[in-house]
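Each residue of the sequence shown is one higher than the one before, counting from 0 in numbering that gives the first Met the number 0.
This report refers to the structure that appears directly beneath it.
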Amino acid sequence: MDCYDELGNRYQLPVYCLSVPINLVEETNESESPAAESEPWSEGGEEITLKFRLSTCGKDTKLAIRTGETVLTCKKRLQAVEGIDPSRQRWYFGGRLLHDKMKIEEAKLQSGFVVQVVVTPLNMPVGEN
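In structure tokens form, the structure reads like this:
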């Protein structure tokens, strides 16, 4: 069966891969406490303000972050503001995908720049374009 992802890449999948998994157990990391997430400046670096343009509504959200923070940390902070799970967020800047382990300074982001946030729908049908 031929399938395509959001970026247009073609995959050939057997039919048995198309079923939705059931009875999954969500793994929670108890070492991550809400207090640790509420310390936004623990990563170090220079403070900058970025605009995040969400694909769901085209709305811009401004967020002050540090250049020493990772993209994943910033995704969690955007989740606190917009309520979008980090696993559903894909960040793009300058035509490049920003990976979760990448630091903001490695992406060469500066204050006032706009980061495109592509939000994956919650109930995206499996195997459909």
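We put the CB at the ideal spot given by N, CA and C, even for glycine.
- Cβ contact annotation for K50 (same chain, cutoff 6 angstroms, sequence separation greater than five): D59, K61, V113, in chain order.
- Of the residues H98, G57, C56, the one whose Cα lies closest to the Cα of E68 is H98.
- Taking C-beta separations shorter than 7 angstroms and ignoring five residues to either side along the sequence, the partners of D84 in its chain run Q78, following chain order.
- Take L71, set aside five residues on each side of it, and the residues of its chain with a beta-carbon closer than 6 angstroms to its own are D99, in chain order.
- Counted as a single uninterrupted DSSP element, the stretch harbouring V24 is not any beta strand (DSSP E), since DSSP gives it neither H nor E.
- For T48, there is no enclosing alpha helix (DSSP H); the enclosing beta strand (DSSP E) covers residues 46 to 53.
- In this model, R65 and T55 are separated by some 25 angstroms (Cα to Cα).
- Taking K74 as the centre and dropping the five residues before and after it, the same chain places the C-beta of P85, Q88 closer than 6 angstroms to its C-beta, in chain order.
- When the Cα atoms are used, C2 and N8 turn out to be separated by approximately 8 angstroms.
- In this structure, the beta-carbon distance from L108 to I47 falls below 8 angstroms.
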